[in-house]
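Chemist: Please see the structure below; I have some questions.
Protein chains in written order, with this note's numbering: chain B, 1088 to 1360; chain E, 981 to 1261.
The structure is reproduced here in structure tokens:
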């Protein structure tokens, strides 16, 4: 009995210790946001600020460049997520249910990009979008990444497990393939869509290398571009940078907290491939 | 219905790939037009010590991150499995949280932590070591960058391993316990053999991702000090942005050769682990 109690409290202590060390960097970022300019890196070292001041958070939230970057990135991320769900789920449905000529070949064609390293296509992609006059547009950030072999693969795995019987009944009633997709498959796709949608959103929101290559227009600066270039543009104002980073991380952290159950299940589904 | 996907992949993946194979055999000159040079750039890249140095940096980074990540993930996954429902739910969320943080945020955050008066040096001071100039020391810079790399990546690894652990029938462990097997015997005789395929998958994907790391090094050190953190992708990316002639074809060729190197090494890793008898759960 006492051994049980000991084990339970030991694992409780471990839970606290492990969580604290995992979350420490994030907490440190938020705390640094509350420190004054001379306080962030002060010798002797100081853990908490003398006084919790909100200046950095208020200033960055009022900074027009920061606000614009957040807004533009958010809008782009939403469009990106919607488009990639549409494109990838359509193809996933076709590969899961339809028979067409050259299906095997197209399957290889659509899945192969999963295995191509990013850099092998990024440079020439840049040259292609330059020729298409897409530099410094929202389209260049959105369209090249929409089609994703990995996401299509994931959604297809999910669709393969859908029962065929309902579909056959609908076919007998004269429903077309499109109607079946829109009326039967889409309404039941919430769970995989959340997983894949969050992945898309994160990929867009956190992108850095592609934006710094294709966007020079300050009106379209992406949020990670803003944070990555912050020190070269404005010097070492760490408190403000950390406040901005904290605010820029909040949307993704909130998404995780809201949909955590789906994500953990998603890992299970993808693990079964 | 696959048309949108096929067309998009065609324009933004397949065509760029073909195009870069094509361009890698040309010398691009904006004034004189391009001339066919065959495999000349392949020779340049293969003879370039910078290219091989960057591959070694990439491999070193992979060695620093992937095994550490998998060991941490395995420990955490076994720990989470032993917890009650509520504590396990909390831990799963906590473990996954760093994964959704962007590499850029992690870069600037760890950059702050690695400053001379930063929190890393404070911690090491408590152990009466330091202060250490983390990112300006060519011995320490890459390990210092590996820390945020592990922090960003171990979450998903843990969740995948946890899912795999939960698939192992509990009766195996009960039987083993009846036979008097201790913790380590259970770990090495049951858990690890049954996780073999998952671990193999994690090693190969972890390796290919690690050798391609670019954001952290780009923001934290931009390849320095003295090229110690110049990973392959960063090297290629910075070469591409360089204005010197031939930089375009050279960087494209290097990217293609990196593709070949990654493919070859993954194949070797795969073969090595596969050659022993695979055990299916």
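Yeah, the Cβ is synthetic: ideal placement off N, Cα and C, and Gly gets one too.
In the DSSP assignment, what are the bridge partners of residue 1015(E)?
Modeler: 1007(E), per the DSSP bridge assignment.
Chemist: What residues in the segment 1227–1245 of chain E have a beta carbon less than 7 Å from any beta carbon of chain B?
Modeler: Against chain B - using a Cβ distance shorter than 7 Å - the residues of the segment 1227–1245 of chain E are 1231, 1232, 1235, 1236, 1238, 1239, 1242.
Chemist: Quick one: which chain B residues come within Cβ less than 9 Å of residue 1083(E)?
Modeler: Near residue 1083(E) (Cβ distances below 9 Å), the residues of chain B are 1293, 1295, 1311.
Chemist: Just checking: is the beta-carbon of residue 1000(E) within a distance shorter than 8 Å of some beta-carbon in chain B?
Modeler: Cβ-Cβ to chain B under 8 Å: yes for residue 1000(E).
Chemist: Under 8 Å between C-beta atoms, does residue 1092(E) make it to chain C?
Modeler: Among the protein chains in the structure shown, which are B and E, there is no chain C.
Chemist: In angstroms, rounded to a whole number, what distance separates the CA positions of residue 1324(B) and residue 1098(E)?
Modeler: In a straight line, the C-alpha of residue 1324(B) is about 14 Å away from that of residue 1098(E).
Chemist: Pairing CB atoms from the segment 1229–1247 of chain B with CB atoms from the segment 1171–1185 of chain B, are three or more of them under 8 Å?
Modeler: Enough Cβ pairs lie closer than 8 Å, so yes.
Chemist: Cutting at 8 Å between CB atoms, please list the residues of its own chain near residue 1019(E), excluding the five before and the five after it.
Modeler: Hits under 8 Å: 1005.
Chemist: Is there contact between the segment 1185–1202 of chain E and the segment 1085–1092 of chain E, where contact requires at least three CB pairs shorter than 8 Å?
Modeler: Segments in contact, yes.
Chemist: Tell me whether residue 1308(B) sits in a helix, a strand or coil according to DSSP, three-state version.
Modeler: Coil at residue 1308(B), not helix or strand.
Chemist: Given that residue 1199(E) touches chain B, what residues does it touch there, using C-beta distances under 7 Å?
Modeler: Correct list: 1315.
Chemist: Taking Cβ to Cβ, would you say residue 1114(E) is nearer than 8 Å to residue 1126(E)?
Modeler: No, these two residues do not count as a Cβ contact at 8 Å.
Chemist: Touching or not, the segment 1311–1322 of chain B and the segment 1130–1137 of chain B, by the rule of three or more beta carbon pairs under 8 Å?
Modeler: No contact exists between the segment 1311–1322 of chain B and the segment 1130–1137 of chain B.
Chemist: So residue 1000(E) and residue 1232(E) are supposed to be a Cβ contact under 8 Å. How far apart are they, rounded?
Modeler: That belief holds up - the Cβ atoms of residue 1000(E) and residue 1232(E) are roughly 5 Å apart, short of 8 Å.
Chemist: Could you give the C-beta distance for residue 1185(E) and residue 1056(E), rounded to a whole number, given that I count them as a contact under 8 Å?
Modeler: No, residue 1185(E) and residue 1056(E) are not in contact; Cβ-Cβ is about 18 Å, not under 8 Å.
Chemist: Quick check on residue 1116(E) - is its C-beta less than 8 Å from some C-beta in chain B?
Modeler: So no, residue 1116(E) is outside the interface.
Chemist: Only counting the same chain, and skipping five residues up and downstream in sequence, which positions put a Cβ closer than 8 Å to that of residue 1075(E)?
Modeler: Excluding residues within five positions, the ones whose Cβ falls inside 8 Å are 1056, 1060, 1134, 1135, 1138, 1139.
Chemist: Drop a sphere of 10 angstroms on the beta-carbon of residue 1243(B), count the other beta-carbons inside from all chains shown, and report buried for 16 or more, exposed for fewer.
Modeler: Under this definition residue 1243(B) is a buried residue.
Chemist: Closest Cβ-Cβ distance between residue 1110(B) and chain E: below 8 Å?
Modeler: Yes - at least one Cβ of chain E is within 8 Å of the one on residue 1110(B).
Chemist: Using the C-alpha atoms, what's the distance from residue 1077(E) back to residue 1245(E)?
Modeler: Approximately 31 Å between the Cα atoms of the pair.
Chemist: With the cut-off set at 8 Å, would you say residue 1252(E) and residue 1216(E) are in Cβ contact?
Modeler: No; because the gap between Cβ atoms is not below 8 Å, this pair is not in contact.
Chemist: Please check if any C-beta of chain B sits within less than 8 Å of the C-beta of residue 1007(E).
Modeler: Output row for residue 1007(E): interface = no.
Chemist: Any beta carbon from chain E within less than 8 Å of residue 1358(B)'s own beta carbon?
Modeler: Residue placement at residue 1358(B) cannot be trusted, given a pLDDT of 49 that sits under 50; the coordinates are not used to answer.
Chemist: At a CB-CB cut-off below 7 Å, which residues of chain E make contact with residue 1325(B)?
Modeler: Here the neighbours are 1092.
Chemist: Select from 1089(B), 1247(B), 1271(B) the residue whose C-alpha is nearest the C-alpha of residue 1258(B).
Modeler: Ranking 1089(B), 1247(B), 1271(B) by Cα distance to residue 1258(B) puts 1271(B) first.
Chemist: How would you list, in chain order, the residues of chain B whose beta-carbon sits under 8 Å from the beta-carbon of residue 1032(E)?
Modeler: Near residue 1032(E) there are no residues of chain B at all, since even the closest Cβ is about 16 Å away, more than 8 Å.
Chemist: With 16 other CB atoms within 10 Å as the buried threshold, where does residue 1079(E) fall?
Modeler: Buried: at least 16 other Cβ atoms inside 10 Å.
Chemist: When you compare each of 1254(B), 1352(B), 1317(B), 1330(B) to residue 1113(B) by their alpha carbons, which one comes out closest?
Modeler: Cα-wise, what sits closest to residue 1113(B) is 1330(B).
Chemist: When you compare the CB of residue 1049(E) with every CB in chain B, is at least one pair closer than 8 Å?
Modeler: It does not; no Cβ of chain B falls within 8 Å.
Chemist: What's the C-alpha gap between residue 1260(E) and residue 1175(E)?
Modeler: Reliability fails at residue 1260(E), whose pLDDT of 44 lies under 50, so the model's placement of it is uncertain and the value that follows must be treated cautiously. Approximately 9 Å, taken between the alpha carbons.
Chemist: Exposed or buried, residue 1227(B), counting other C-beta atoms within 10 Å across all chains shown (16 or more means buried)?
Modeler: Answer is buried; the Cβ neighbour count reaches 16.
Chemist: Any idea what DSSP makes of residue 1129(B), helix, strand or coil?
Modeler: Three-state DSSP puts residue 1129(B) in coil, outside helix and strand.
Chemist: Report the three-state DSSP secondary structure of residue 1188(B) (helix, strand or coil).
Modeler: Three-state result, residue 1188(B): coil.
Chemist: Whole angstroms is fine: what's the gap from residue 1118(E)'s alpha carbon to residue 1218(E)'s?
Modeler: Straight-line Cα distance between these residues: approximately 19 Å.
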